[in-house]
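Line by line, the protein sequences are chains A and B. Residue numbering for the first sequence follows this note's numbering, beginning at 425 and increasing consecutively. Residue numbering for the second sequence follows this note's numbering, beginning at 4 and increasing consecutively. Quick notes on the structure that follows.
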Amino acid sequence: MRASLTAPSSRHRDRFESLALPHLAALHRVAFGLTHHSADAADLVQETLLRAYRTFANFAPGTDEKAWLFTILYSIAANKFRTRQRRPTEVSIEALEEQRQRAVEIADWRGQEEMLGNPRLAWEGSEVARALADLPEPFRVAVQLVDLGELSYEEAAAAAGCPVGTLRSRLFRGRRRLAAQLREVARAAGLPVS
Amino acid sequence: MMREAERHPGDELQMLLDGRLDGDRRAAVEDHLAGCDGCRGELETLRWLKDRLARIPHELPSDLQGRIRAALDAEDAAVDRRTHRLWRWLPAAAAVLAAAVTLLLAVRRDDFPALAAAHLRSIEEGALHVQRVTGEPAVLEGWFASAGVGFDVHVFDLAGMDLRLIGGSVGRFAGGPSALFAYRSGDGVLVLCEMYRGSLADLPAGGHRRIREDGLVVRVFSRGEATLAFWQEGPVVCYLAASGLPSNQVTALAFAKAEPIR
């Protein structure tokens with residue numbers, strides 16, 4: 425309301441830019457992970473910053489601006505996903521993941537570490553990115569927010585709208601599942617995998 | 004019983020990796036690692052993964068910053084135009100405003116469900132953010148007590164209904180302080196609860212469903228896509244609001260959690 429009654433001051437704009445623009449790369453990185461498309465990611469980041477700017481008058485100094493921006497970004501993305509995927513969920517994703525987790529449990533972590541360091545595998549970023557894209561959404565979002573967006577557990581939990589404990593559990597299971605998927609890549613490349 | 008040093012640390016390995024283990028817990032995990040090849044291998048695998056994730060090639064579109072500045076310029080220009088128009092029409096606007104205020108005062112009671120829907124929308128759109136982020140109802144209740152809202156706040160635990168507490172804020176409702184807290188479901192639906200000193204009698208007399216069950220009366224309003232269920236708990240009015248749930252689910256939540264003064 426305040427913004428519509430007073431002309432925007434350049435100080436207001438400068439303050440917003442100095443607070444928000446340093447997070448541009450992290451926002452785009454996570455947006456790209458959510459949309460898998462560079463143009464869609466740019467649109468998502470632009471919409472996020474525009475919405476943040478419109479409500480900047482309500483932003484309380486001292487609030488964690490990074491968590492605030494990622495909360496807006498994830499809220500826009502979640503609404504878009506919800507609109508695209510409005511269908512009944514037959515089995516909860518966490519229950520499904522439990523079943524899968526049992527199938528991909530890694531018995532030999534020592535061997536896994538040696539396999540990942542094997543010079544025969546060049547491990548291009550695209551392989552890791554593809555494995556990340558294949559994770560079920562809640563686990564992928566946790567990994568993206570913490571490892572790509574460099575958010576703390578608390579900031580990532582606020583952005584994803586879940587308790588910190590849930591975020592931590594999803595992050596751990598997401599990372600473990602990623603390791604298992606990369607083991608399958610190594611197996612396909614002909615490396616001995618236990 | 005398994006000794007501490009023999010117990011595999013599980014997800015404490017990632018806490019160590021992410022620099023979130025201190026003191027005794029850190030020492031205990033490091034002790035375990037010294038004697039456990041498997042956990043050392045898992046930690047190194049997690050470290051390798053974190054490093055590779057950080058190195059996934061990522062190119063920021065070169066024109067993105069320029070695009071955003073252009074969008075902000077357009078937003079500033081639109082606000083400028085609105086301000087300009089407002090000044091030009093100020094005398095007429097003042098007369099309209101005076102009439103609107105008179106009308107507003109006359110129908111003030113009608114505003115509360117709409118105000119509740121506006122609060123829900125503000126949180127959904129990120130315009131209003133919670134001041135205290137926590138998933139623990141007891142922690143939030145303690146925070147409300149120290150923030151001095153002036154009444155006891157009971158923060159519902161809705162985890163059994165797949166609704167995770169996000170956190171809460173002290174706000175304003177019906178001319179006094181309010182306790183506001185929000186939940187999100189697994190598929191992203193936001194549910195808002197707000198409590199304030201007041202009376203159900205201040206709500207609009209018509210245009211709602213009145214459901215009475217086991218001594219509790221819940222008044223259910225619709226505003227846009229939002230469903231709002233209001234009930235009385237002693238001197239405090241509570242409401243639950245959601246726009247992504249069928250209205251009967253919102254009402255069922257109210258009946259499940261309300262504590263009427265009987």
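The beta-carbon is built from N, C-alpha and C at its ideal position, and this holds for glycine as well.
Sub-8 Å separation of residue i and residue j beta-carbons
i, j, result
"Ile126/B", "Leu195/B", "yes"
"Leu203/B", "Phe233/B", "yes"
"Gly170/B", "Val136/B", "yes"
"Leu248/B", "Val192/B", "yes"
"Ala553/A", "Gly598/A", "no"
"Ala185/B", "Met198/B", "no"
"Phe494/A", "His61/B", "no"
"Ala245/B", "Leu219/B", "no"
"Phe154/B", "Pro238/B", "yes"
"Asp558/A", "Lys53/B", "no"
"Leu445/A", "Leu497/A", "no"
"Ala120/B", "Arg213/B", "no"
"Arg167/B", "Pro587/A", "yes"
"Leu473/A", "Gln17/B", "no"
"Val469/A", "Leu67/B", "yes"
"Leu606/A", "Ala584/A", "no"
"Gly26/B", "Gly589/A", "no"
"Ser172/B", "Gln134/B", "yes"
"Cys42/B", "Leu49/B", "no"
Alpha-carbon to alpha-carbon, residue j and residue i
i, j, result
"Val64/B", "Ala466/A", "Looking at the sequence itself, residue 64/B is Pro, so the reference to Val does not match. Distance between the alpha carbons of Pro64/B and Ala466/A: 8 Å."
"Gln235/B", "Asp205/B", "11 Å"
"Phe258/B", "Val221/B", "8 Å"
"Ala581/A", "Gly178/B", "32 Å"
"Thr254/B", "Pro116/B", "15 Å"
"Glu311/B", "Leu123/B", "Residue coverage of chain B in this structure runs from 4 to 265, which leaves residue 311/B outside it and unanswerable."
"Ser593/A", "Asp14/B", "8 Å"
"Ser499/A", "Ile71/B", "19 Å"
"Val240/B", "Gly174/B", "14 Å"
"Leu75/B", "Ser434/A", "11 Å"
"Val223/B", "Ala141/B", "28 Å"
"Ala564/A", "Arg600/A", "The sequence as given places Arg at residue 564/A; Ala does not occur at that position. Approximately 12 Å, taken between the alpha carbons."
"Leu556/A", "Ala603/A", "10 Å"
"Arg88/B", "Ala97/B", "13 Å"
"Glu78/B", "Arg85/B", "11 Å"
"Met4/B", "Asp21/B", "The predicted model places Met4/B with a pLDDT of 46, which falls under 50 and marks its position as unreliable; any figure quoted below should be read in that light. Rounded to whole angstroms, Met4/B to Asp21/B spans 30 Å at the Cα level."
"Ala73/B", "Ser442/A", "16 Å"
Reduced DSSP category for residue i - H, G, I as helix; E, B as strand; rest coil
i, result
"Glu62/B", "coil"
"Cys42/B", "helix"
"Glu480/A", "Looking at the sequence provided, one finds Phe at residue 480/A rather than Glu. Three-state DSSP puts Phe480/A in a helix."
"Phe154/B", "coil"
"Thr513/A", "Its pLDDT being 41, under 50, Thr513/A is placed unreliably in this model, and the coordinates cannot settle the point."
"Pro562/A", "helix"
"Arg265/B", "Per-residue confidence for Arg265/B stands at a pLDDT of 40, beneath the threshold of 50, marking its modelled position as unreliable; the derived number appears in the next sentence. Of the three classes helix, strand and coil, the one that applies to Arg265/B here is coil, per DSSP."
"Ser172/B", "strand"
"Val223/B", "strand"
"Leu75/B", "helix"
"Pro207/B", "coil"
"Phe184/B", "strand"
"Phe159/B", "coil"
"Thr230/B", "strand"
C-beta neighbour in chain A for residue i, strict 8 Å
i, result
"His11/B", "no"
"Ala74/B", "yes"
"Gln17/B", "yes"
"Gly22/B", "no"
"Asp14/B", "yes"
"Asp205/B", "no"
"Glu78/B", "yes"
Test: residue i CB closer than 8 Å to a CB of chain C
i, result
"Arg599/A", "Absence of chain C from the displayed structure is noted, the protein chains being A and B."
Contact with chain B by residue i, beta-carbon distance below 8 Å
i, result
"Leu458/A", "no"
"Ser499/A", "yes"
"Arg453/A", "yes"
"Asp571/A", "yes"
"Val469/A", "yes"
"Ala612/A", "no"
"Ala502/A", "yes"
"Arg439/A", "no"
"Arg478/A", "yes"
"Arg435/A", "no"
"Ser442/A", "no"
"Ala604/A", "no"
heavy atom of the ligand ZN below 7 Å from residue i C-beta
i, result
"Leu497/A", "The ligand ZN is absent from the structure shown, which contains no ligand whatsoever."
Near-chain A residues of the segment 47-72 of chain B - C-beta to any C-beta below 7 Å: Glu47, Thr48, Leu49, Trp51, Leu52, Lys53, Arg55, Leu56, Ala57, Arg58, Ile59, Pro60, His61, Leu63, Pro64, Leu67, Gln68, Arg70 and Ile71
Under 8 Å (Cβ pairs) to chain B, residues found in the segment 575-597 of chain A: Tyr577, Glu578, Ala581, Ala582, Gly585, Cys586, Pro587, Val588, Gly589, Thr590, Arg592, Ser593, Leu595 and Phe596
Interface positions of the segment 121-137 of chain B facing chain A (Cβ-Cβ less than 7 Å), listed along the chain: Glu127, Glu128, Gly129, Ala130, Leu131, His132 and Val136
Residues of the segment 184-203 of chain B whose Cβ lies closer than 9 Å to any Cβ of chain A, in chain order: Ala185, Tyr186, Arg187, Ser188, Gly189, Asp190, Gly191, Val192 and Leu193
Interfacial residues, the segment 157-169 of chain B to chain A, with Cβ spacing under 9 Å: Ala162, Asp165, Arg167, Leu168 and Ile169
Short-range partners of chain B found in the segment 551-568 of chain A, where Cβ spacing is below 8 Å: Val552, Ala553, Leu556, Pro562 and Val567
Contact residues within the segment 220-244 of chain B, judged by C-beta distance below 7 Å to chain A: none
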